[in-house]
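Following: one structure in structure tokens, then a few remarks.
Numbering (this note's numbering), first residue to last: 598 to 737.
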């Protein structure tokens, strides 16, 4: 059985407006990997259009989303927590860890470059001192 926006609105006891529900459904599809089922119908001009319909699971997830919002959890974070699949959560976590590792490697590389520059500078100074000492020994 599928529910329309109006059905979901009613089953949520009008906790949010239909407009908010539609906005949330669109945003959920943008920030998570969840895609709601679509049904189609013909308008009065005979053109076919599609619209979102929802399952019982979707209804339960919207209820959970509302509970998280009541706890002041940011909307996008709550959407990801409720609507994103476990595999997508894991994938995004791996991407985040890769980014963090990349940034750490970048910092390490900068530090190594600075150390190398310092060593090269010291080496140049030692070579100059050595040449002076050699010159002094040879001229004495």
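Backbone N, C-alpha and C define an ideal beta-carbon position, used for all residues, glycine too. Just so we're clear, the structure is a prediction, and the values are computed from it rather than from any experiment.
Buried or exposed for residue 564, please, with buried defined as at least 16 other CB atoms from any protein chain shown within 10 angstroms of its CB. The structure shown does not extend to residue 564, since the chain is modelled only from 598 through 737, so no value can be given for it.
Taking the alpha-carbon positions, what's the residue 648 to residue 690 distance? 32 Å
Whole angstroms is fine: what's the gap from residue 600's alpha carbon to residue 670's? 26 Å
Less than 7 Å between the C-beta atoms of residue 656 and residue 605, yes or no? yes
Residue span of the beta strand (DSSP E) that contains residue 604, given as start and end: Where residue 604 is concerned, there is no enclosing beta strand (DSSP E), although the alpha helix (DSSP H) it sits in stretches over 602 to 608.
Starting from residue 635 and walking both ways along the beta strand (DSSP E), at which residues does that stretch end? 634 to 639
Can you tell me the Cβ-Cβ gap for residue 618 and residue 633, rounded? I've got them flagged as a contact below 8 Å. Residue 618 to residue 633, Cβ: 11 Å. No contact.
Taking the C-alpha atoms as reference points, what is the distance between residue 659 and residue 646? 24 Å
Check whether the Cβ atoms of residue 635 and residue 680 lie closer than 7 Å to each other. no
Residues near residue 661 in its chain [Cβ-Cβ closer than 8 Å; skip 5 each side]: 679
Just the Cα atoms here: how many angstroms apart are residue 709 and residue 703? 10 Å
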